[in-house]
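Data first, discussion second: the structure below is written as structure tokens.
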Amino acid sequence: MRKKVGVLVSGRGSNLQALLDACADPAFPAEIVLVISNIPGVFALERAEKAGVATLVIPHKGFPSRDAFDAEMDKALRAAGVDIVCLAGFMRLLSAGFVESWRDRMINIHPALLPSFKGLHTHQRAIEAGVKLHGCTVHLVTPELDDGPILVQAAVPVLATDTEDSLAARVLEQEHQAYPLALRLLAEGRVTVEGNRALIRDA
Ligand code: GRF
């Protein structure tokens with residue numbers, strides 16, 4: 032049985048596209064059954080529709096609290112029979128209750144080599160810090176932002192000539208490889224968590 036995946040998005044959805052492309056292979060151990068956006072009209076929704084995947088817009092602005100917004104997403108994910116949640120450029124903080132209820136079944140992609148450069152503007156900060164390697168991380172989501180056991184990382188060189196955009200583009204290419212790989216590992220049941228470490232069977 033392929034694992035059912037719900038993807039939360041807020042924007043252009045290039046990582047969603049990488050996941051849709053991976054799931055298009057019937058041999059891939061997961062399929063996307065629902066894409067939820069908190070912002071109407073974003074390109075990620077078009078990508079999902081084009082792939083024939085159900086979409087839902089839940090505008091966070093219409094809810095009195097974070098808990099109420101998260102509860103609505105939770106309801107939709109469960110109604111769709113979702114096993115695994117992927118955050119793909121989802122730009123809202125999640126409540127501890129929501130995160131806890133999807134513990135070890137929710138993953139995020141972050142455009143930096145965690146635990147370096149949590150938060151926003153990672154590429155600019157990497158350039159300013161003078162690091163020679165930068166990259167991306169797919170990790171299990173825990174209540175703390177950009178934290179949680181790491182499943183997959185990919186590194187790229189930082190060149191002296193890099194701008195924020197050129198570095199972002201180099202990292203993004205790796206994101207599109209790393210995210211489907213991490214989803215595969217989780218969907219195949221190869222991940223066990225020990226403290227803050229994710230152990231991957233037959234890595
Ligand atoms: C990516 O850089 C991802 O790492 C970060 O947000 C960006 C989303 O891009 N979390 P996209 O919407 O997947 O194209």
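Counting from 1 along the sequence shown, just add 31 to a position and that's the residue number in this note's numbering. For each residue, glycine too, the CB sits at the ideal point set by N, CA and C.
Cβ-heavy atom distance between residue 197 and the ligand GRF below 6 Å?
-> no
Tell me whether residue 124 sits in a helix, a strand or coil according to DSSP, three-state version.
-> coil
In three-state terms, what does DSSP make of residue 80?
-> helix
What's the C-alpha gap between residue 161 and residue 201?
-> 16 Å
The alpha helix (DSSP H) spanning residue 106 covers which residue range?
-> 97-110
Please name the residue, chosen from 211, 226, 192, that lies closest to residue 63 on a Cα-to-Cα basis.
-> 211
Per DSSP, what kind of secondary structure is residue 201 in: helix, strand or coil?
-> helix
Range covered by the beta strand (DSSP E) that runs through residue 86 = 86-88
Out of 181, 65, 60, state which residue places its alpha-carbon closest to the alpha-carbon of residue 38.
-> 65
Taking all protein chains shown into account, decide if residue 56 is buried (16 or more other Cβ within 10 angstroms of its Cβ) or exposed.
-> exposed
For the alpha helix (DSSP H) containing residue 158, list its first residue and its last residue.
-> 153-160
If we call anything under 7 Å between Cβ atoms a contact, is residue 98 one with residue 126?
-> yes
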